[in-house]
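So the structure is just underneath, and the comments pick up after that.
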Amino acid sequence: MKQLSEKIAKYVIKTGVVSPELYVVYQYGFQIGLEMLCCFVTCLSIAIYMHMIPEFAIFTGIFMLLRTYAGGVHLNSFGSCFICSVTVQTIAMYFNSKYKFTVGTAWLLILVSAILILKAAPVECINRELDDAEKEHCKKVTMKVLIAVIVFAGCCTLAGIPDILSLVALTSFIILISQYVGILKYKIEKSKNKRR
Amino acid sequence: MKVKDVKKQSAKMLAYVSLKFGKMSADSACCYIYHQPKMPEALKNMKQS
């Protein structure tokens, strides 16, 4: 993906629409965009194959919104990241189609996850460290997203859709695990960097 | 002439999309997926200015 993004960035600069000094900015943007698109299209294709498009939309919506601001684990290469992202999403959807949490368990999981996600947010990564203002902004948005998730879960309960409620609980729990793994990874990488 | 215009327009569109993704990444803790390339200093400076 890095090579492809470099080629596109070079092409854009060659046409003269952007300044060559901004090469790194555009290359970074293309790399992020391509990686996200690639992952999204693969997950969507799997969801279509599994006939689980609404579940995919809910999982991805909550996952994207929460992870963007609450943070989580990041892997060091796109290959491992791609496999991990697709596997997690597929397993979550498969698990939810086979086993469902009861309404009580789902609510317990949602509320506990929400509290712990907010407490841990935002999780930094060695390639994306946040300053105090950014941390405050991310925490505020995370809280808003979590309130929206709880309201959505409430609507699912009232509308009598336990399948979706169970999926919301599972998604929140996956994000929570991802956050704690991310915290651990960040601490290990930070201490490694200090030793160097 | 027309081909050149199309090329320039598509490059402009690509540049716009790329900048949007970069800014989106700069405004958040992480992306949707599990990979985060190192954020360039130039993007941080752009955000601050």
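Protein sequence lines, in the order shown, are assigned to chains Y and D.
Numbering follows the working numbering, with no gaps: position 186 of the first sequence is 186.
Numbers in the working numbering are just positions in the second sequence, counted from 1, shifted up by 196.
The beta-carbon is built from N, C-alpha and C at its ideal position, and this holds for glycine as well.
Taking Cβ positions, are residue i and residue j nearer each other than 8 Å?
i, j, result
"Y:V24", "D:P236", "yes"
"D:F278", "Y:I177", "Chain D is shown only over 197 to 245; residue 278 of chain D falls outside these bounds and no answer can be derived."
"D:S214", "Y:Y11", "no"
"Y:L203", "Y:V145", "The displayed coordinates of chain Y run from 1 to 196. Any statement about residue 203 of chain Y would go beyond what the structure contains."
"Y:T142", "Y:A121", "yes"
"Y:I110", "Y:Q179", "no"
"Y:I175", "Y:A47", "no"
"Y:S5", "Y:F40", "no"
"Y:F63", "Y:M1", "no"
I need the straight-line Cα distance from residue i to residue j, nearest angstrom please.
i, j, result
"Y:T171", "D:Q205", "40 Å"
"Y:S113", "D:A211", "39 Å"
"Y:G61", "Y:S191", "34 Å"
"Y:P20", "Y:D132", "31 Å"
"D:A207", "Y:L22", "14 Å"
"Y:Y99", "D:D201", "55 Å"
"Y:K14", "Y:T102", "58 Å"
"Y:S45", "Y:F82", "14 Å"
"Y:Y28", "Y:Q3", "11 Å"
"Y:K140", "Y:T68", "12 Å"
"Y:I203", "Y:L34", "Because residue 203 of chain Y is not part of the residues shown, which for chain Y are 1 to 196, the question remains open."
"Y:G160", "Y:T105", "15 Å"
"Y:C138", "Y:I115", "15 Å"
"D:L239", "Y:I164", "39 Å"
"Y:I188", "Y:S85", "22 Å"
"Y:I147", "Y:G16", "46 Å"
"Y:L108", "Y:Y49", "31 Å"
Over what stretch of residues does the alpha helix (DSSP H) that includes residue i continue unbroken?
i, result
"Y:E6", "K2 to T15"
"Y:G61", "I53 to A70"
"Y:V41", "Y23 to Y49"
Any chance the region 167-181 of chain Y sits against the region 148-155 of chain Y, with 3 or more Cβ pairs inside 8 Å? yes
Please list the segments of the beta strand (DSSP E) lying wholly inside the region 88-169 of chain Y, counting only runs of 3 or more residues, in order along the chain. none
Below 8 Å, how does it come out for the region 67-75 of chain Y and the region 126-139 of chain Y: are there three or more Cβ pairs, yes or no? With a cut-off of 8 Å, the region 126-139 of chain Y and the region 67-75 of chain Y count as touching, because enough Cβ pairs lie within range.
Taking one C-beta from the region 47-64 of chain Y and one from the region 88-104 of chain Y each time, how about it: are there three or more such pairs within less than 8 Å? Touching, yes.
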